[in-house]
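Undergrad: Here the sequence shown stands for residues 285 to 507, numbered as in the working numbering.
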Amino acid sequence: MVSVERRLYALILIIAIVGVGINYYVQHYQGGEIYEAANRAFNLVKNGFNVTVTIESVDGKIFEGELFSISGSTIYVVKNGKRFTVGGPSARLEDVKAKKIEIHVKGKVYVYELPPIEGKFHEAIAPYKVPAYSERFSGLIYVKGDFDALEFGKLKYDVDYLTYGSIDVKQPLGEGVILSANFVPISMLEEHLGDKEIYMYGTLYVNSDERNLGLRLLEVRTQ
285 MVSVERRLYA
295 LILIIAIVGV
305 GINYYVQHYQ
315 GGEIYEAANR
325 AFNLVKNGFN
335 VTVTIESVDG
345 KIFEGELFSI
355 SGSTIYVVKN
365 GKRFTVGGPS
375 ARLEDVKAKK
385 IEIHVKGKVY
395 VYELPPIEGK
405 FHEAIAPYKV
415 PAYSERFSGL
425 IYVKGDFDAL
435 EFGKLKYDVD
445 YLTYGSIDVK
455 QPLGEGVILS
465 ANFVPISMLE
475 EHLGDKEIYM
485 YGTLYVNSDE
495 RNLGLRLLEV
505 RTQ
């Protein structure tokens, strides 16, 4: 007869394994299944998850990067600030011909209401930067002072071509501009708006292992 202690240990082990499965997702695909892989991964991205991929090409090379968009069966990946395209084993136009693909996702997405904050961007946002796989913002950003077309162009290029998200000028002002952001990484906003005086409010999407902000929680998204 199996002892109570052994049965209890087995139950704890099963719970631990299930817990890991809930918070850490890895799915393997063969190159011919790239369309399925692309759609599964992109749905996670659209829900606020940080999705990384490990790809074995048809010539045996290993390629890793962050997935941010798809078009048909083409996957768009960023690595070291550069954009690459990934296709199936018989792809002709993509940068990488995939033989095998692994999709990696961790944690949950905690959706918070961000109340109005103001000051220099990097100082105002500092209390809300927490250990996370990614943090994204949707809402309005009022930028005070000079923010010319060249500066906005650089920000918009990074948002449009190096991540999933969008940003536009909602309204120019006499002494600044109003930006409308959708799913833009906090790190990218900080890079371009760091020392600028801002007033902003909206929604934060934090992909992390646990709830680590005291803001009003709107939703928790699971894999």
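Glycine is no exception: its CB is placed at the ideal position from the N, C-alpha and C atoms.
(1) Which residues in the same chain as lysine 480 place their Cβ atom closer than 8 Å to its Cβ, once the five residues preceding and following it in sequence are excluded?
(2) Suppose the cutoff is 8 Å on Cβ atoms and the five residues either side in sequence are ignored; what does the same chain contact list for leucine 499 look like?
(3) For glycine 449 versus valine 461, is the C-beta distance shorter than 8 Å?
(4) Which of helix, strand or coil does DSSP assign to alanine 465?
(5) Assuming arginine 420 and glycine 332 make a contact with CB atoms under 8 Å, what is their CB distance in whole Å?
(6) Distance check for glutamate 386 and lysine 392, CA to CA, integer angstroms please.
(7) Assuming methionine 484 and isoleucine 425 are in contact, meaning their beta carbons sit under 8 Å apart, how far apart are those beta carbons, in whole angstroms?
(8) Tell me, please, whether the segment 315-329 touches the segment 434-445 by the rule of three or more beta-carbon pairs shorter than 8 Å.
(9) Considering only residues of the same chain and omitting the five flanking positions on each side of glycine 371, which have a CB-CB separation below 8 Å?
(10) If you reduce the DSSP assignment to three classes, tell me which class tyrosine 448 lands in.
(11) Take phenylalanine 326 and list the residues in its own chain whose beta-carbon comes closer than 6 Å to its own, dropping the five residues that flank it on each side.
(12) For threonine 336 versus leucine 351, is the C-beta spacing smaller than 8 Å?
(13) Does the Cβ-Cβ distance between valine 414 and valine 490 come in under 8 Å?
TA: According to the structure shown:
(1) Lys404, Phe405, Val427, Lys428, Gly429 and Phe431
(2) In the same chain as leucine 499, and ignoring 5 residues on each side of it, the C-beta atoms closer than 8 Å to its own belong to Tyr396, Glu397, Leu398, Pro399, Tyr412 and Leu488, in chain order.
(3) no
(4) strand
(5) Taking the Cβ atoms as the reference, arginine 420 lies roughly 6 Å from glycine 332, within the contact range of under 8 Å.
(6) 19 Å
(7) 4 Å
(8) no
(9) The beta carbon of glycine 371 lies closer than 8 Å to those of Ile318, Ser357, Thr358, Ile359, Leu377, Glu378, Val380, Lys381 and Ala382 in the same chain, with the five residues before and after it left out.
(10) coil
(11) Ile354
(12) yes
(13) yes
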